[in-house]
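First comes the structure, then the notes that go with it.
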Amino acid sequence: RDEDIVAIADLCERTVEVGKPINPKAKVRLGVSTFVPKPFTPFQWAEQIGLEETERRQRILDARFRKNPNIKFGRHEAATTFIEGLVTRADRRGGDLIEAAWCRGARFESWDELCNLGAWKQAIEDVNYDVAGEFRARELDERLPWDHIDVLMPKSWYQEDWNRAMELQHALDCRAGKCHMCGVIFRERELCQHMLKNQRRGRIEERDFVTPPRVVYVEPEAVQRLKLRIGRTGEARFLSHLEFMNAWLRTLRRARAPMSYSQGFHAHARIAFATPAPVGEESEGDYMDIVLSERIEAADLLVRIQAALPEGFRCYEAEEIPMRAPSLMSQVQGLRYTLHVDTPGTSALAARIAELMASEEVSIDRKMKAKKPPKGRGRRDTRPRSAALNIRPMIETLALREGNERPVAIDFTTVASGEKLAKPKEIIALLGLDPASTRVVKRDTLLADAFATA
Numbered sequence: 009r010d011e012d013i014v015a016i017a018d019l020c021e022r023t024v025e026v027g028k029p030i031n032p033k034a035k036v037r038l039g040v041s042t043f044v045p046k047p048f049t050p051f052q053w054a055e056q057i058g059l060e061e062t063e064r065r066q067r068i069l070d071a072r073f074r075k076n077p078n079i080k081f082g083r084h085e086a087a088t089t090f091i092e093g094l095v096t097r098a099d100r101r102g103g104d105l106i107e108a109a110w111c112r113g114a115r116f117e118s119w120d121e122l123c124n125l126g127a128w129k130q131a132i133e134d135v136n137y138d139v140a141g142e143f144r145a146r147e148l149d150e151r152l153p154w155d156h157i158d159v160l161m162p163k164s165w166y167q168e169d170w171n172r173a174m175e176l177q178h179a180l181d182c183r184a185g186k187c188h189m190c191g192v193i194f195r196e197r198e199l200c201q202h203m204l205k206n207q208r209r210g211r212i213e214e215r216d217f218v219t220p221p222r223v224v225y226v227e228p229e230a231v232q233r234l235k236l237r238i239g240r241t242g243e244a245r246f247l248s249h250l251e252f253m254n255a256w257l258r259t260l261r262r263a264r265a266p267m268s269y270s271q272g273f274h275a276h277a278r279i280a281f282a283t284p285a286p287v288g289e290e291s292e293g294d295y296m297d298i299v300l301s302e303r304i305e306a307a308d309l310l311v312r313i314q315a316a317l318p319e320g321f322r323c324y325e326a327e328e329i330p331m332r333a334p335s336l337m338s339q340v341q342g343l344r345y346t347l348h349v350d351t352p353g354t355s356a357l358a359a360r361i362a363e364l365m366a367s368e369e370v371s372i373d374r375k376m377k378a379k380k381p382p383k384g385r386g387r388r389d390t391r392p393r394s395a396a397l398n399i400r401p402m403i404e405t406l407a408l409r410e411g412n413e414r415p416v417a418i419d420f421t422t423v424a425s426g427e428k429l430a431k432p433k434e435i436i437a438l439l440g441l442d443p444a445s446t447r448v449v450k451r452d453t454l455l456a457d458a459f460a461t462a
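Numbering-wise, the numbering used here comes out as the position in the sequence shown, counting from 1, plus 8.
See the structure below:
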């Protein structure tokens, strides 16, 4: 009910009022989600509200919190919840809906910035899907699409629990109270016995538990910072940047590098990369720096790292840099690439390159995130949006030559313009090349004079 929604806002505001005298910086981070009735729960008969009703209810809270900088209104997007309900409540006809949505371009619905609600709406029309029928409340004696699946608990028990919930009756956990005869004990008695045995043992252990004295760990002071020139080839190019970073962390541990760690609740090794590693891109000219808690000869650590590298990973150089030197990412001035192409004829490609280099403007569509609104100005949609961008100032060189591995190689250098760089995939598209067969190799990362390399 709307009064329940308003009560959420009242609770948050009262919480801030209580917290401010204790901590002037006190804030409330709110997380609100839309109820999706799940199969094999006592609430599987309940109704799910639709997309428009979800948005209406969220607007009630948004209006209350918009002018209150001390409350951050976090919510599940109405579109993703709507799609979740379509799948959760579906019968076999849901398969046709999912296939139709996929054919329309739906892919990453759990990512708000990539959720394609339009594809799902079009799929609903394509297969004539009854959304209202799937979201409606179900009768207790109605056959449900998932009734043929056996989860060891009879439907009658869920019905009894639903009735208890409607009467606001609370059933104690059977580990601490009586058995509720849910049905598992009749089918798999050993499971219940195992659970109860563990529960009794846990109560005894908890009763006799003595809190050990807290050991305060003091992280050693960082004493050295090294810059590594790294790369990746072969199948390693298919790793995401996060996977690439985690692989390097494991490599440094195997190499027994005395890593320095950040402080706080989520301590992490102090490593940083000059640029992220795009999926599908090989490299022989990336850079990363690591901060160490013990001094070590750069050449010695390089040998140990090279012996511990996984397949496809490369480490070419290691050198010491000042501890307070600027970050690698802030020093990136440009990138050098080589595109290896199987194109047999080069005249048309050479003409296209000449045309691009002679142009004063080369406009492309690039997805860019919208800027976040100032504090207290409400919530703005920050999902990526396509915008026209002139990348000609970012293209320093673009030249065709005979390749060694493949018939044609295209050397491409991009320099920073307005803190942006041209991307290889954009050059590939402008030249009309096949992105699947074009091999992209980053040859070097151009750093500022503070980190200049030969």
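Ideal Cβ positions, reconstructed from N, Cα and C, are used throughout, including at glycine.
Delimiting residues of the beta strand (DSSP E) encompassing residue i
| i | result |
| --- | --- |
| THR422 | 416 to 423 |
| CYS182 | From DSSP, CYS182 is part of no beta strand (DSSP E); its letter is neither H nor E. |
| ILE298 | 290 to 300 |
| THR405 | 403 to 410 |
| PHE281 | 279 to 281 |
| SER164 | Segment 163 to 174 is the alpha helix (DSSP H) holding SER164; no beta strand (DSSP E) there. |
| ASP373 | 371 to 376 |
Residue i versus residue j - alpha carbon distance
| i | j | result |
| --- | --- | --- |
| ARG258 | MET331 | 23 angstroms |
| ALA458 | THR421 | Below a pLDDT of 50, predicted positions are generally treated as unreliable, and ALA458, at 41, falls in that range; no measurement from the model is reported. |
| ALA356 | THR346 | 19 angstroms |
| ALA462 | ALA424 | The predicted model places ALA462 with a pLDDT of 35, which falls under 50 and marks its position as unreliable; any figure quoted below should be read in that light. Their Cα atoms are separated by approximately 20 angstroms. |
| ALA173 | ASP70 | 30 angstroms |
| ASP104 | ILE193 | 38 angstroms |
| ARG414 | PRO443 | 15 angstroms |
| THR89 | VAL44 | 7 angstroms |
| LYS129 | GLU369 | 38 angstroms |
| ALA460 | ALA430 | Residue confidence is low: ALA460 scores 46 on pLDDT, short of 50, so the model does not pin down where it sits. Its coordinate-derived value is still stated next. Going by the C-alpha atoms only, they are around 21 angstroms apart. |
| LEU364 | LEU59 | 47 angstroms |
| ALA98 | PRO153 | 7 angstroms |
| ARG197 | ILE16 | 43 angstroms |
| CYS323 | ILE329 | 17 angstroms |
| GLU214 | VAL448 | 58 angstroms |
| LEU199 | GLY191 | 11 angstroms |
| ALA395 | SER371 | 10 angstroms |
| ALA127 | ALA114 | 6 angstroms |
| VAL24 | VAL14 | 16 angstroms |
| GLY440 | HIS348 | 14 angstroms |
| HIS188 | PRO77 | 47 angstroms |
| ARG101 | ILE157 | 17 angstroms |
| GLU305 | ALA315 | 16 angstroms |
| ASP155 | PRO47 | 9 angstroms |
| GLY27 | ARG72 | 19 angstroms |
Whole-number beta carbon distance between residue j and residue i, since they are thought to touch under 8 angstroms
| i | j | result |
| --- | --- | --- |
| THR453 | ALA282 | 5 angstroms |
| LEU317 | ALA280 | So it is not a contact: roughly 19 angstroms between Cβ atoms. |
| PHE246 | VAL287 | 6 angstroms |
| LYS375 | ARG393 | 7 angstroms |
| GLY239 | GLU292 | 4 angstroms |
| SER445 | ASP350 | 6 angstroms |
| GLU434 | ILE399 | 6 angstroms |
| ARG312 | ARG264 | 7 angstroms |
| LEU408 | ALA366 | That belief does not hold up - the Cβ atoms of LEU408 and ALA366 are roughly 14 angstroms apart, past 8 angstroms. |
Identity of the residues DSSP links to residue i by a beta bridge
| i | result |
| --- | --- |
| GLY82 | GLY39 |
| GLY58 | The partner list for GLY58 (beta bridge, DSSP) is empty, contrary to what the question assumes. |
| GLN232 | LEU300 |
| LEU348 | Checking the displayed sequence, the identity of residue 348 turns out to be His instead of Leu. DSSP lists ALA417, ARG447 as partners of HIS348. |
| ARG74 | Partner(s): none; ARG74 has no beta bridge. |
| ASP452 | ARG344 |
First and last residue of the uninterrupted alpha helix (DSSP H) at residue i
| i | result |
| --- | --- |
| ASN398 | Run containing ASN398: none in the alpha helix (DSSP H); it sits in the beta strand (DSSP E), 393 to 398. |
| ALA326 | Looking at the DSSP string, ALA326 is not in any alpha helix (DSSP H); the run it does join, the beta strand (DSSP E), is 321 to 329. |
| ILE361 | 355 to 366 |
| ARG312 | 306 to 316 |
| GLY141 | 139 to 143 |
| GLU434 | 432 to 438 |
| TYR269 | Segment: none, TYR269 is in no alpha helix (DSSP H) and carries neither H nor E. |
| VAL24 | 10 to 27 |
| ARG151 | Here ARG151 belongs to no alpha helix (DSSP H), and DSSP marks it neither H nor E. |
| ASP104 | 102 to 111 |
| ASN31 | Unbroken run through ASN31: none, as it is neither H nor E. |
| ARG222 | Neither: ARG222 is in no alpha helix (DSSP H) and is coded neither H nor E. |
| ALA255 | 249 to 262 |
| ASP158 | Where ASP158 is concerned, there is no enclosing alpha helix (DSSP H), given that its DSSP letter is neither H nor E. |
| ALA131 | 125 to 135 |
| MET189 | Per DSSP, MET189 belongs to no alpha helix (DSSP H) and is neither H nor E. |
Residue i beta carbon near the ligand SAM (any heavy atom closer than 7 angstroms)
| i | result |
| --- | --- |
| THR405 | In the structure shown, the ligand SAM is absent, as is every other ligand, since no ligand is present at all. |
- Query: Would the region 25 to 44 and the region 80 to 88 be scored as touching if the rule is three or more Cβ pairs under 8 angstroms?
  - Reply: Cβ pair count under 8 angstroms is three or more, so yes.
query: Does the region 224 to 241 touch the region 289 to 306, meaning 3 or more C-beta pairs lie closer than 8 angstroms?
result: Taking 8 angstroms as the limit for Cβ pairs, the verdict is that the region 224 to 241 does touch the region 289 to 306.
Contact between the region 334 to 350 and the region 251 to 266 is defined here as three or more beta-carbon pairs at a separation below 8 angstroms; is this criterion met?
Per the Cβ contact rule, the region 334 to 350 is not in contact with the region 251 to 266 (fewer than 3 Cβ pairs under 8 angstroms).
Quick check: the region 268 to 275 against the region 220 to 228, are there 3 or more CB pairs under 8 angstroms?
Between the region 268 to 275 and the region 220 to 228, the count of C-beta pairs closer than 8 angstroms reaches three or more; the two stretches touch.
Three or more C-beta pairs below 8 angstroms linking the region 129 to 140 and the region 89 to 105 = Yes, they touch.
Are the region 145 to 152 and the region 43 to 58 touching by the rule of at least three beta carbon pairs closer than 8 angstroms? Yes: at least three Cβ pairs fall under 8 angstroms.
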